[in-house]
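Line by line, the protein sequences are chains X and Z. If you read the first sequence in the working numbering, its first letter stands for residue 4, the second for the next number, and so on. If you read the second sequence in the working numbering, its first letter stands for residue 1041, the second for the next number, and so on. All C-beta atoms in this analysis are idealised placements derived from N, C-alpha and C, irrespective of residue type, glycine included. Bear in mind the structure is a predicted one, so any value in this text is a computation, not a measurement.
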Amino acid sequence: MSNAEARLEMLTRINRAVSGVEAPALPAYPQGQRLEHEAMLHQFQDRIEDYRASFVRVPAAEVMEAVEAALAGAKRVLVPAGLHPDFLPSGLELLRDDPPLSHAGLDGAEAVVTGCAVAISETGTIILDHAPDQGRRALTLIPDLHICIIRAEQIVQSVLEGVQLVEASVQAGQPLTWISGGSATSDIELVRVEGVHGPRRLCVVVVDQIPVH
Amino acid sequence: MSGLHPAKPFPEAARDKVNQPQLRANLRKVTHTIREKRLRAVGELPHWEELRVLGEATKDASLANLSDRLLQLEASVKARGGQVHWARDAAEAREIVVRIAQAHQVDELIKVKSITSDEIELNAALQERGIHAIETDLAELIVQLSHDTPSHILVPAIHRNRAEIQALFNRELPGEGSLSDSPAELAGAARRYLRHKFLTTKMAVSGVNFAVAETGTVCVVESEGNGRMCLTLPEVLVSIMGVEKVLEKWEDLAVFMELLPRSSTAERMNPYTSFWSGVTPGDGPQEFHLILLDNGRTEVLADATGRQTLRCIRCSACLNVCPVYERTGGHAYGSVYPGPIGAILTPQLLGMADKNANTLPGASSLCGACFDACPVRINIPQVLIYLRGEVTAEKGVTAEALAMKTVGYAMSSGWRFEGALKLARVGQGPLVKGGEITSLPGLLGGWTQSRDLKAVPPQSFREWWKEREQGSE
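Here it is as structure tokens:
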């Protein structure tokens, strides 16, 4: 058995199978009704709360207080290198992933605070492209509480817009994580249980007009 | 059951299942719950039908250029530091995974729920070589611990109720013994058991929901976070995908991220989806293998009618709306692909050469609910009828083959069908008892062994409509 032999045979079979088959032209992507910015933010809030995650919207000056409230007493907090320092309350034991923490080290954190790449209102989805304000994938996976700070202008309405906005990151080879609420399962009698392996709690902080870091 | 090969013909397997009242009650409850939820999730999007049409066209376009797409995917994944393997059949795919595991000297690996890995019977092959595969999806873990087999694409342990799972976890999970039957507590026990495995296991195996040729991006859609754990924390990752999962461009993914969650778990979006392209330095597994699996798919692709089966995105909406699945459950189909999609996919993957699998296209009332629910518009009833014809054609001229041919001919035009109904009304006279035909004569008797036929009514809908229209003029 050789890989080259299998490859050649599979490609030959495929070419024989579809010889003469024309690819259909793709219809235009269907658009739903467009929402005004404010309505879109309300839709996003509705979706996030429907997933039983928490949602607050604050002016830029109050981000730190919002993060402090969301931490609810958690002290050992993971912070990606690129997160805006003004967002963090004082008195925390900050864990920086530099040099990279071991899995056990990450497991010792009670919470993680990050930004995001883009968010989608129709589905209540947050997309991480693991830029420096979000850190590598394990950071937002192992701690039990994820606080995600989203600038209001990062929120778009449709899945298509979200996909388009992260294309550059994908082309650059970055991984993506899409998060819609906390981890959940419905495997036992279809009863939804929030919180299985990923962070059991997700807190979304939407901020109006953040100064660019 | 193991892999694709049913141990019994469907009518025989189904007879055992429909006589189990607890199973039927469980199935009825879950299929109805998820059906209603799906209708709400889909109803929220007024342009749902257009999304389905786009999903259908996107998959068809990719399949029409499949070899180009696969070569492009291979090149992109390699350019990003991944390795690509081609597997003609299940044995080759298993062997590739085993070789990788042996090269890293692992005796244990973690798995994300993957029907493709069940299709190739990977776990047993690994076990034979002394490598234990741990299922990390809650339902798959339940199935594995109870030495059972999955019965649903999305919720594989749907045939088990909470009391059974409580007993199982108390018996099998180390350190447990006093768990209650609350689903939250049972999920918590699975979290405790798997946490250490996630943090320390060196190798993981996953399936693939979609792969993007242009960027080499692979995608896994999930709910619990076990997927993210397996895809992020181990050093070595092996992902197995059927060749039909490839899409051309990054943007092609958008429509499927709308269609799949609403059709599958009936949510606006599933909790977690991971996308990665080859190896990301400093983030996640630093060794990545992608296995491209044929295992009968290219033969399905060669069939002009059967080809649409390969559009399937494994959402399981067709299972949940199917009156046959609702009564028999997934095990009766004897394959890792149950329900209406399984009834057309399983026999085709086996090249229409497996006697038991060839009974699966009969596992349908042809009501058409599966086609309506399918997010990529696979015309399952059409393929079912076509495959029934194929099966009977192989048997030579039988009463059923003749009947299917005749029905096909009669239904191909309105006036022929009406003419046939008029003839039937006269011919059925002596067979009808209380509006039903319970026993047909001669060669057709086999048809009525497990079904009653409604007698042809004195007036058809078309005739009634015509009369009504004329009356109102």
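To the nearest angstrom, report how far apart residue i and residue j are at their CA atoms.
i: X/Y54; j: Z/Y1312; result: 12 Å
i: Z/G1322; j: X/P102; result: 11 Å
i: X/S161; j: Z/R1128; result: 39 Å
i: Z/A1047; j: Z/G1374; result: 6 Å
i: Z/R1120; j: X/S93; result: 41 Å
i: Z/T1349; j: Z/M1281; result: 16 Å
i: X/V66; j: X/I182; result: 21 Å
i: Z/V1319; j: X/V166; result: 21 Å
i: Z/E1084; j: X/A20; result: 39 Å
i: Z/Q1167; j: Z/V1248; result: 22 Å
i: Z/E1225; j: Z/Q1060; result: 28 Å
i: X/I150; j: Z/R1055; result: 52 Å
i: Z/K1057; j: Z/A1372; result: 7 Å
i: Z/P1497; j: Z/R1268; result: 57 Å
i: Z/A1306; j: X/E96; result: 40 Å
i: Z/Y1365; j: Z/E1476; result: 24 Å
i: Z/R1109; j: Z/Q1510; result: 57 Å
i: Z/S1279; j: Z/E1288; result: 19 Å
i: Z/R1232; j: Z/D1158; result: 25 Å
i: Z/W1290; j: Z/L1111; result: 16 Å
i: X/L205; j: X/G185; result: 6 Å
i: Z/N1335; j: Z/N1398; result: 17 Å
i: X/A72; j: X/V59; result: 10 Å
i: Z/L1234; j: Z/E1076; result: 33 Å
i: X/V199; j: X/T188; result: 7 Å
i: Z/A1165; j: X/E125; result: 44 Å
For the beta strand (DSSP E) that contains residue i, what are its first and last residues?
i: Z/M1281; result: V1276 to G1282
i: X/E206; result: According to the sequence as given, residue 206 of chain X is Cys; it is not Glu. R204 to D211 is the extent of the beta strand (DSSP E) around X/C206.
i: X/S57; result: S57 to P62
i: X/E164; result: Segment V162 to L168 is the alpha helix (DSSP H) holding X/E164; no beta strand (DSSP E) there.
i: X/T117; result: A114 to T117
i: Z/L1149; result: E1148 to K1151
Between which two residues does the alpha helix (DSSP H) carrying residue i extend?
i: Z/S1303; result: L1293 to S1304
i: Z/K1069; result: P1061 to G1083
i: X/L74; result: V66 to L74
i: Z/F1250; result: No alpha helix (DSSP H) contains Z/F1250, which is instead part of the beta strand (DSSP E) from F1250 to V1252.
i: Z/I1384; result: G1379 to L1389
i: Z/K1118; result: L1106 to A1119
i: Z/C1410; result: A1409 to A1413
i: Z/I1174; result: Not the alpha helix (DSSP H): Z/I1174 falls in the beta strand (DSSP E), residues H1172 to E1175.
i: Z/I1193; result: Here Z/I1193 belongs to no alpha helix (DSSP H), and DSSP marks it neither H nor E.
i: Z/M1392; result: No alpha helix (DSSP H) contains Z/M1392, which DSSP labels as neither H nor E.
i: X/H106; result: H106 to D110
i: Z/K1057; result: F1050 to V1058
i: X/R243; result: For residue 243 of chain X there is no data in the structure shown, the boundaries of chain X being 4 and 216.
Opposite residue i in the DSSP bridges: which residues?
i: X/T3; result: In the structure displayed, chain X extends from 4 to 216; residue 3 of chain X sits before or after that span and is not available.
i: X/E39; result: In DSSP, X/E39 forms no bridge with anything.
i: Z/T1323; result: Note that residue 1323 of chain Z corresponds to Asp in the displayed sequence, not to Thr. Z/D1323 is bridged to Z/T1320.
i: X/L97; result: X/V80
i: Z/A1127; result: Z/L1333
i: Z/M1243; result: Z/V1276
i: Z/A1203; result: According to DSSP, which records beta bridges pairwise, Z/A1203 is partnered with nothing at all.
i: Z/V1261; result: Z/T1313
i: X/W181; result: X/I130 and Z/T1313
i: X/C151; result: X/T117 and X/V207
i: Z/L1424; result: None, per the DSSP bridge assignment.
i: Z/F1328; result: Z/L1277
i: X/V196; result: X/T188
i: Z/G1476; result: A small fix is needed here, since residue 1476 of chain Z is Glu in this sequence, not Gly. Z/K1473 and Z/K1494, per the DSSP bridge assignment.
i: X/V159; result: X/I123
i: Z/L1287; result: Z/V1252
Which whole-angstrom value describes the C-beta separation of residue i and residue j, a residue pair presumed to lie in contact below a C-beta threshold of 8 Å?
i: X/V116; j: X/L91; result: 7 Å
i: Z/L1277; j: Z/V1117; result: That pair is no contact at about 12 Å.
i: Z/S1304; j: Z/C1355; result: 4 Å
i: X/L86; j: X/D132; result: Going by Cβ atoms, the distance from X/L86 to X/D132 rounds to 15 Å, so no, they are not a contact pair.
i: Z/K1151; j: Z/V1245; result: 5 Å
i: Z/I1155; j: Z/R1134; result: At roughly 15 Å, the Cβ-Cβ gap does not stay under 8 Å, so Z/I1155 and Z/R1134 are not in contact.
i: Z/L1178; j: X/D190; result: 4 Å
i: X/G127; j: Z/H1087; result: Between Z/H1087 and X/G127 the Cβ distance is about 19 Å, and since that is not below 8 Å, they are no contact.
Given that residue i touches chain B, what residues does it touch there, using C-beta distances under 8 Å?
i: Z/I1384; result: Considering every chain present, this structure includes no chain B. Its protein chains are X and Z.
Interface positions of the segment 57-81 of chain X facing chain Z (Cβ-Cβ less than 9 Å), listed along the chain: Here the close residues number zero.
Name the residues in the segment 1172-1195 of chain Z whose C-beta lies less than 8 Å from a C-beta of chain X; which are they? From the segment 1172-1195 of chain Z, only T1176, D1177, L1178, A1179, I1182 and V1195 have a Cβ closer than 8 Å to chain X.
Could you name the residues of the segment 1226-1247 of chain Z whose beta carbon sits closer than 9 Å to any beta carbon of chain X, in the order they occur along the chain? Considering only beta carbons, the part of the segment 1226-1247 of chain Z lying closer than 9 Å to chain X consists of L1226, A1227, G1228, A1230, R1231, L1234, R1235, F1238, L1239 and T1240, in chain order.
Listed in chain order, which residues of the segment 1120-1150 of chain Z have Cβ atoms closer than 8 Å to some Cβ of chain X? Contact annotation: in the segment 1120-1150 of chain Z, residues whose CB is within less than 8 Å of a CB in chain X are R1120, H1125, W1126, A1127, R1128, E1132 and E1135.
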